[in-house]
Amino acid sequence: MKEKNQRDSMTRNEARTSYEETISKSWKVLWKQNVNQKLKVFMWKSLHGALPVRELIFNRTKQGNPMCAGCGEREETIEHMMFQCKKAKEIWKMAPVQWEGLEHLTGCFMKWWSAILEAQESRGEAVQVNVTINILWQIWKARNEREFNQKEREPHKAIEKAQKEWREFEEANKGMEPRKITQETEVQ
Ligand SMILES: [Zn+2]
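Residue numbers (full-length UniProt numbering): 1 to 188.
Encoded structure:
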């Protein structure tokens with residue numbers, strides 16, 4: 001019995017450690033990612049369930065409407081807003097980056113993001129990841145435009161903006177961050 005308890009608590013500790021490791025690793029990689037600071041903060045909030053989507057606000061304050069304003073069909077969680085809503089799907093359909101085979105992970109943003117980071121590590125897809133962060137940001141911006149200004153952004157406009165902002169940031173920071181990442185990869 002005692003042994004079993006020890007084993008159980010060990011499994012629990014291991015599970016917790018691995019989750020904490022995932023979070024800590026996601027954060028480290030995110031920090032090094034060659035994207036604007038505001039996008040890092042946005043990603044950090046999303047990964048920690050702190051992005052103020054309707055469901056979150058409703059659960060905290062018991063006020064407002066938890067339903068998504070984009071489709072009116074589901075509660076607006078972070079995952080719904082980013083992937084599952086038809087409004088998000090319209091944007092993803094036009095995206096230059098497609099993460100095929102990860103659709104089953106879109107119910108948990110942290111899992112989806114971890115899988116993307118693994119792809120980046122194994123295949124060196126830093127550019128695709130940076131563009132992806134920009135797309136997520138534009139999905140959020142389009143959502144806010146709808147939420148606060150009652151305006152609909154066309155999906156292709158969101159993609160154009162994501163690519164433009166990514167390119168501008170790359171241009172402005174040429175030769176800085178990527179070099180650091182390469183060095184670290186070589187050390188490993
Ligand atoms: Zn929706």
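The C-beta atom is built at its ideal place from N, Cα and C for all residues, glycine as well.
### Message
Considering only their Cβ atoms, is the gap separating Gln138 from Val129 smaller than 7 Å?
### Response
If you number the sequence shown from 1, residue 129 lands on position 129. If you number the sequence shown from 1, residue 138 lands on position 138. Not a contact, by the Cβ cut-off of 7 Å.
### Task
In the DSSP assignment, find the alpha helix (DSSP H) that holds residue 241 and state where it starts and stops.
Here the chain comprises residues numbered 1 to 188, so residue 241 is not present and cannot be evaluated.
### Query
Thinking C-alpha only, which one of His156, Glu160, Ala142 and Leu117 is nearest Ala69?
Sequence index remark: in the sequence shown, residue 69 carries index 69 (1-based). Distance check between Ala69 and each of His156, Glu160, Ala142 and Leu117 places Ala142 closest, using alpha-carbon atoms only.
### Query
For residue 191, which option in Tyr19, Met43 and Lys87 has the closest C-alpha, if you only look at C-alpha atoms?
Residue 191 cannot be examined here, being either before or after the span of the chain that is shown, 1 to 188.
### Query
Mind checking Gln37: buried by the 16 CB within 10 Å criterion, or exposed?
Taking the first residue of the sequence shown as 1, we reach residue 37 at position 37. It counts as exposed.
### Message
Does the segment 44–53 come into contact with the segment 75–90, if we say contact requires no fewer than three beta-carbon pairs (one atom in each stretch) closer than 8 Å?
### Response
Contact annotation: the segment 44–53 touches the segment 75–90, with at least three C-beta pairs closer than 8 Å.
### Query
What are the boundary residues of the alpha helix (DSSP H) that includes Arg74?
Looking up residue 74 in the sequence shown gives position 74. Unbroken run through Arg74: none, as it is neither H nor E.
### Task
Report back the beta-carbon spacing between Asn65 and Ala126 to the nearest angstrom; my notes put them in contact at under 8 Å.
Here residue 65 is taken as the residue at index 65 of the sequence shown, counted from 1. Here residue 126 is taken as the residue at index 126 of the sequence shown, counted from 1. With a Cβ gap of about 39 Å, Asn65 and Ala126 do not count as contacting.
### Task
Report yes if the C-beta distance between Leu47 and Lys40 is below 7 Å; otherwise report no.
Sequence index remark: in the sequence shown, residue 47 carries index 47 (1-based). Sequence index remark: in the sequence shown, residue 40 carries index 40 (1-based). The criterion of a C-beta distance shorter than 7 Å is not satisfied by Leu47 and Lys40.
### Query
Nearest-angstrom Cα distance between Lys28 and Glu170?
Numbered from its first residue, the sequence shown carries residue 28 at position 28. Numbered from its first residue, the sequence shown carries residue 170 at position 170. Their Cα atoms are separated by approximately 20 Å.
### Message
What would DSSP say about Met94, mapped onto helix, strand or coil?
### Response
For this step, residue 94 is matched to residue 94 along the sequence shown. DSSP places Met94 in coil when its eight states are reduced to three.
### Query
What's the gap between the Cα of Gln98 and the Cα of Lys161?
On the sequence shown, residue 98 is found 98 positions in, with the first residue counted as 1. On the sequence shown, residue 161 is found 161 positions in, with the first residue counted as 1. So the two alpha carbons sit approximately 17 Å from each other.
### Task
Verify whether the separation of the beta carbon atoms of Leu102 and Ala88 is less than 7 Å.
As a position in the sequence shown, residue 102 is number 102, starting the count at 1. As a position in the sequence shown, residue 88 is number 88, starting the count at 1. Not a contact, by the Cβ cut-off of 7 Å.
### Task
Pick out whichever of His104, Gln150, Ser24 and Cys71 has its Cα sitting closest to the Cα of Glu90.
Here residue 90 refers to the residue found at position 90 when the sequence shown is read from its first residue. For Glu90, the nearest C-alpha among the options comes from Cys71.
### Task
From the DSSP output, read off the bridge partner residues of Met67.
Taking the first residue of the sequence shown as 1, we reach residue 67 at position 67. Here Met67 is bridged, per DSSP, to Glu75.
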